[in-house]
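Below is one structure; the comments refer to it alone.
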Amino acid sequence: MINKVRVRFAPSPTGPLHIGGVRTALYNYLFAKKHNGTFILRIEDTDQKRYVEGAEAYIIEALNWLNIPFDEGPGLSEKQNLYGPYRQSERKDIYLKHINTLLERGHAYYAFDTAEQLDMHRKSHEEKGKTFIYNWHNRLKLENSLSLDADIVKKRIDNGDPYVIRFKSPESEQLELHDIIRGTMHIDTSVLDDKVLFKSDGMPTYHLANIVDDHLMEISHVIRGEEWLPSLALHVLLYKAFGWEVPQFAHLPLILKPTGKGKLSKRDGDKMGFPVFPITWNSNGESATGYREEGYFSEAVVNMLALLGWNEGKGSEKEIYSLPELIRAFSLENVSKSGAKFNPDKTKWFNHQYLQKIDNKELAKLLYLHISLMKTNPTTHQALSSKGLHLDDLMYMEKVVELIKERANFVKDFLSLGSFFFIAPDTYNEKTAAKVWKEDTTELMKNLMAVIEKITPFDAKHIETEIKKWIVAKELSFGKIMQPLRLSLVGAMEGPHVFDIISLLGKTESIERIKKACTRLGNS
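Numbering follows our numbering, with no gaps: position 418 of the sequence shown is 403.
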């Protein structure tokens, strides 16, 4: 039994939230809810140079859209703010206090080396075929409070000389590291460098702020991306330097490009035409489309991301999970060590599965909303307003949805797959017309109009019976009538059962379309 689970998702507000970050948030959320724990959002904004206005609001909106909201974090009530503030930029005094503790205990030291001096040391080492590492091996030869007299150090600090504060890594300690996903690892601290903990601008680096915040916020499990695995040794050493209990760690595998080679990036999405962000991002001329705006259901995105690196195990082939099912089934032990290849087609498949589960009435409402939004677009407004049929008829839309639902991946597909239900064709597929519209087709279509005019009741079953009876009586082939009939109604050889199309369009509209095709194609 795990005691008091508290986990955090700690993104930097430097731009839009990549789906790799979303998956990290999701796994933290699932783990917290599985163990009746707390899911915390912490904004790691110590790098003020890379801070982007609006990024924090974007992160919060994305988590809320995905239905994985945080229990504690910025902007929540005082009751949910017991461990705050949750922005690192608002915690400077806390970090200063803790860096002083490390200095007093001899686990950290002032370093005055300039960028130019360090660059010179690097080049000197490279010339000898070596790699420069700022640590036990050479720190006494460099400009820092370990190599300089105390009065010189004090004088330089009092004079306002720029400095950083570095962690003093142990010289030859065998460190045992534990990771829930990757098992036990061993590292010799002699290969570690003395990382900067406090920068010359008075802000802590990620390493110090991260450890201090995780301890003070009582984080029980640190679930983060594998890019932080190389920092694990330093973080464990920092916990030990403070005399704090080390939380449990779990480093998640990368989400890989569709080719399987390398980490998935925005460029991959741009190149192959799929989103890599949860919701659309627009800032300072930078724009990136999101899953929400592309028409994906948030439940489908969550389901897809959960399975990118995790499987329920025990030979399970289950793929469709509701959020409560994911919470019950999720475990860090079943997260893969290896990277998960992103599959854009599989992502569409997930959305298709969720769309099929939605009630037709609800889908009709979503289609109505989609059309309403299209009407606000100047490029589509005129066509929809002047030529559109039944654009305010929810019952009609429900019937359209029922006929083409199986072929749709997105709500917007109902309008593209079934555009002819709303707008009569103005053009006809040329190749098809040349093939199916013969010399006698116009006359046959005129005769068919007379048959359609007399059909009562006007439902798909009776329409099919009467038209087929007429075709047989005339000793015609079905293709000779059905193909030009579909072309007249749709403009192409596509769409559901032709008798369903006629029934839904209605007698008047169907006849009008056949008449129009006769005029256009009969004279061509």
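For glycine and all other residues, C-beta sits at the position ideal for the given N, C-alpha and C.
Bear in mind the structure is a predicted one, so any value in this text is a computation, not a measurement.
Query, Result
"Spatial neighbours of Ile142 within its chain, please: CB distance less than 8 Å, with the 5 preceding and 5 following residues excluded, ordered by chain position.", "Tyr95, Tyr148"
"Rounded to a whole number of angstroms, what is the C-alpha to C-alpha distance between Tyr306 and Lys390?", "21 Å"
"Give the secondary structure of Val517 by DSSP, where H, G and I count as helix, E and B as strand, and everything else as coil.", "With the chain covering -14 to 509 only, the question about residue 517 has no answer from this structure."
"Checking 8 Å against the spacing of the C-beta atoms, do Gly275 and Pro260 come in under that value?", "yes"
"If you follow the beta strand (DSSP E) that Tyr94 is in, where does it begin and where does it stop?", "93 to 96"
"Nearest by alpha-carbon distance to Leu290: which of Leu308, Glu302, Gly300 is it?", "Leu308"
"What's the C-alpha gap between Leu379 and Leu292?", "36 Å"
"With a threshold of 7 Å on Cβ separation, who are the neighbours of Ser323 within its own chain once the five nearest residues in sequence on each side are excluded?", "Pro238"
"If you follow the beta strand (DSSP E) that Asn(-12) is part of, which residue opens it and which one closes it?", "Neither: Asn(-12) is in no beta strand (DSSP E) and is coded neither H nor E."
"Going by beta-carbon coordinates alone, are Ser495 and Asp444 separated by less than 8 Å?", "no"
"Could you tell me the boundaries of the beta strand (DSSP E) in which Ser268 lies?", "266 to 268"
"Rounded to a whole number of angstroms, what is the C-alpha to C-alpha distance between Ile312 and Leu249?", "26 Å"
"Going straight from the alpha carbon of Ala235 to that of Pro54, what length do you get?", "21 Å"
"I need the straight-line Cα distance from Thr244 to Ser268, nearest angstrom please.", "30 Å"
"Less than 8 Å between the CB atoms is what I'm expecting for Tyr233 and Ile165, so what's the real figure, rounded?", "As written in the sequence, residue 233 is Gln, which differs from the Tyr given in the question. About 6 Å separates the two Cβ atoms, so the contact holds."
"Would you call the stretch 131 to 146 in contact with the stretch 102 to 119, where contact means no fewer than 3 C-beta pairs closer than 8 Å?", "no"
"Which residue comes first and which comes last in the alpha helix (DSSP H) that contains Phe16?", "4 to 19"
"Output the distance between the C-alpha atoms of Gly5 and Pro(-2), rounded to the nearest integer angstrom.", "15 Å"
"Take Ser283 as the anchor and find which of Thr412, Ile356, Trp50, Ser401 has the nearest alpha-carbon.", "Trp50"
"Report all residues from its chain with a CB closer than 6 Å to the CB of Lys501; omit the five preceding and five following residues, and keep chain order.", "none"
"In three-state terms, what does DSSP make of Asp164?", "strand"
"Along the chain, where does the alpha helix (DSSP H) containing Ile53 start, and where does it finish?", "That residue, Ile53, is in no alpha helix (DSSP H); it is neither H nor E in DSSP."
"Sort out for me which residues DSSP pairs Pro(-4) with in a bridge.", "Looking at the DSSP assignment, Pro(-4) forms no beta bridge with any residue, so it has no partner."
"For Ala47, count neighbouring C-beta atoms within 10 Å of its own C-beta (all shown protein chains included) and say buried if the count is 16 or more, exposed if not.", "buried"
"With Leu88 and Ala226 assumed to form a contact (beta carbons below 8 Å), what rounded beta-carbon distance in angstroms separates them?", "Contact flag wrong, Cβ pair sits at about 11 Å."
"Name the residue from Glu451, Gly476, Leu2 whose alpha carbon lies nearest to the alpha carbon of Phe484.", "Glu451"
"Provide the residue span of the beta strand (DSSP E) that contains Ile150, from first to last.", "149 to 152"
"For Ile28, which residues does DSSP report across the bridge?", "Arg72"
"Could you pull the start and end residues of the beta strand (DSSP E) that Ala235 belongs to?", "233 to 237"
"Helix, strand or coil for Val207, going by three-state DSSP, please let me know.", "strand"
"How is Trp334 classed by DSSP in three states: helix, strand or coil?", "helix"
"Apart from the five residues just before and just after Arg505, which ones in its own chain have a Cβ nearer than 8 Å to its Cβ?", "Tyr413"
"Looking at the structure shown, is Leu297 part of a helix, part of a strand, or coil, going by DSSP?", "Sequence inspection shows Glu at residue 297; the Leu mentioned does not correspond to that position. Of the three classes helix, strand and coil, the one that applies to Glu297 here is coil, per DSSP."
"At a cut of 8 Å, does the stretch 30 to 40 reach the stretch 328 to 340 through at least three beta carbon pairs?", "no"
"Quick one, are the C-beta atoms of Ser154 and Asp179 less than 8 Å apart?", "yes"
"Quick one, which of Leu214, Lys423, Ser404, Gly91 has its alpha-carbon nearest Gly168's?", "Leu214"
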